[in-house]
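Novice: Questions regarding the structure given below will be posed in turn.
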Amino acid sequence: MIRLSPMTRRRLAVFRANRRGVWSLRIFLLLLVLALPAGFVASDRPLAVRAGGRWFFPALRDVPETALGGVFATPADFRDPHVAEDLVAKTGGRIWWAPVPYGHETVDLESETPAPSPPSGRHWLGTDDQGRDVLARAIHGLRLSILFGFTLTALSTAVGVLLGLWQGYAGGWVDLVMQRFMELWGAMPRLYILIIMSTVIEPSFATLLGILLLFSWMSLVHVVRAETLRARNLDYVRAARALGLSGFRTAMRHVLPNSIVAAMTYLPFILAGSLTTLTSLDFLGLGLPPGSPSLGEMLQQGKANLHAPWLGLTAFAVLAVLFTLVVFIGEAVRDAFDPRKSAGGRAP
3 MIRLSPMTRR RLAVFRANRR GVWSLRIFLL LLVLALPAGF VASDRPLAVR
53 AGGRWFFPAL RDVPETALGG VFATPADFRD PHVAEDLVAK TGGRIWWAPV
103 PYGHETVDLE SETPAPSPPS GRHWLGTDDQ GRDVLARAIH GLRLSILFGF
153 TLTALSTAVG VLLGLWQGYA GGWVDLVMQR FMELWGAMPR LYILIIMSTV
203 IEPSFATLLG ILLLFSWMSL VHVVRAETLR ARNLDYVRAA RALGLSGFRT
253 AMRHVLPNSI VAAMTYLPFI LAGSLTTLTS LDFLGLGLPP GSPSLGEMLQ
303 QGKANLHAPW LGLTAFAVLA VLFTLVVFIG EAVRDAFDPR KSAGGRAP
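In my numbering, the protein residues as written are 3 to 350.
Right, here's the structure in full:
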């Protein structure tokens, strides 16, 4: 059984006292459960197929037609009536589809209405201007946004905390040089740099992540630096140095745990900023490669197709819910780490 310190128990009690933050966290975790396995929730490949007394899982691995009794060694297209009826149904088999039987790149060539088609029983949220299912793209776009936001937040937090710790603990010329460098680097026109680099470097998840990381790490440096400057003069830090502990181990073991507490309250808001940046760049066409299931690209399609309001409204609803949940969770985390707050909402 894990034993929690009194400070941790108090923080958990304050967090639970914020019912809005607790419910936001529950809904956010539910969205994670639905979005992370997007390939199994919205997919144009069956989840499972039983044919000829054998089980196949096309969502995980290609199934050739020869394995189903066909004559071609190419991967079976289970949307083809020949495969679905002749090779599966006639053998007494069955096909289990995903809840949304379309992928984020699947073009519905059998739709009876021109694209973009309005919501219907075939496509619950309609299709975009290329005939792709909007619900499937929203689910995959939500997963992509969450993964990108979490990755950028984790990397920028790690870099910002370590640089802020080094700057605050070392002091002297290190602190002076870092402060001047951050002032110059922070004054750089980020949008112009992103436009230039996006034209030189082929856009991808990794390259866009690296470009945004060049600027996002600065958000926590000032906070960690200020906490480190305060903590390095405390008695227990001086005692550790007097006992012969090296500066690096003293900073990592005694200063970092106290300095990182202040940074924890900023993490949800950094995540929200990362999601906003990705959506804005995709909306402007400077983000992920064309065809990626991006919420910003869905907003751009909604702008270009005003006669199809379901495109813009779907992306707006997903982003509004996501940002609202993240901000409410951030407020609850901020209250939990505030020493002036108690579980009753008043100063202890």
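All C-beta atoms, glycine included, are put in the ideal place defined by N, C-alpha and C.
In the DSSP assignment, what residue or residues form a beta bridge with PHE250?
Specialist: In the DSSP output, where bridge partners are listed per residue, PHE250 has none listed.
Novice: Could you check if ALA1 is buried or exposed, using at least 16 other CB atoms within 10 Å of its CB as the buried criterion?
Specialist: Since the displayed the chain opens at 3 and closes at 350, residue 1 lies outside it and no answer follows.
Novice: My guess is that TRP312 and GLY188 are in contact by the Cβ rule of under 8 Å, so how many angstroms apart are they, rounded?
Specialist: So it is not a contact: roughly 40 Å between Cβ atoms.
Novice: For the region 8-76, list the beta strand (DSSP E) runs that are entirely contained and at least 3 residues long, ordered along the chain.
Specialist: Complete beta strand (DSSP E) runs here, min 3: 50-53 and 56-58.
Novice: Who are the Cβ neighbours of PHE58 in its own chain at under 6 Å, not counting the five residues just before and after it?
Specialist: The residues are VAL51 and VAL65.
Novice: Do you know offhand how far ARG124's Cα is from SER158's?
Specialist: Computed Cα separation, rounded: 42 Å.
Novice: Does the beta-carbon of ALA44 have 16 or more other beta-carbons within 10 angstroms, so that it is buried, or is it exposed?
Specialist: By the 10 Å Cβ count, ALA44 comes out buried.
Novice: Look at VAL225 and ALA264 and say whether their C-beta atoms are less than 8 Å apart.
Specialist: Yes, the Cβ-Cβ distance between VAL225 and ALA264 is below 8 Å.
Novice: Please look up how many angstroms separate the CB atoms of PHE30 and GLY23, rounded, as I've assumed it's under 8 Å.
Specialist: Not confirmed; about 10 Å, so no contact.
Novice: Three-state secondary structure (DSSP) at ARG182?
Specialist: In this structure, ARG182 counts as helix in the three-state DSSP scheme.
Novice: Using three-state DSSP, classify TRP98 as helix, strand or coil.
Specialist: It is a strand residue.
Novice: Looking at C-alpha atoms only, which residue of LEU210, GLY166 and HIS256 is the closest neighbour of ALA228?
Specialist: The candidate whose alpha carbon is nearest that of ALA228 is GLY166.
Novice: Is TRP126 helix, strand or coil by DSSP?
Specialist: The answer is coil: DSSP assigns TRP126 none of H, G, I, E or B.
Novice: By DSSP, does ASP79 sit in helix, in strand, or in coil?
Specialist: Residue state, collapsed to three classes: coil.
Novice: Which partner residues of ARG134 appear in the DSSP bridge assignment?
Specialist: Note: ARG134 sits in a beta bridge opposite VAL109.
Novice: Tell me which residues share the same chain as THR209 and place their Cβ nearer than 7 Å to its Cβ, disregarding the 5 neighbours each side in the sequence.
Specialist: So the list reads ILE203, once near-sequence residues are dropped.
Novice: Please report the straight-line C-alpha distance between SER147 and SER296, rounded to a whole angstrom.
Specialist: Approximately 7 Å between the Cα atoms of the pair.
Novice: Going by DSSP in three states, PRO311 sits in which element: helix, strand or coil?
Specialist: Three-state DSSP puts PRO311 in a helix.
Novice: I need the boundaries of the alpha helix (DSSP H) containing THR115, first residue and last residue.
Specialist: Neither: THR115 is in no alpha helix (DSSP H) and is coded neither H nor E.
Novice: Nearest-angstrom Cα distance between LEU286 and LEU27?
Specialist: About 31 Å.
Novice: Mind checking whether GLY289 and LEU280 have CB atoms under 8 Å apart?
Specialist: Yes, they are a contact pair.
Novice: Rounded to a whole number of angstroms, what is the C-alpha to C-alpha distance between PRO39 and PRO103?
Specialist: So the two alpha carbons sit approximately 14 Å from each other.
Novice: Just the Cα atoms here: how many angstroms apart are ILE331 and VAL35?
Specialist: Approximately 17 Å between the Cα atoms of the pair.
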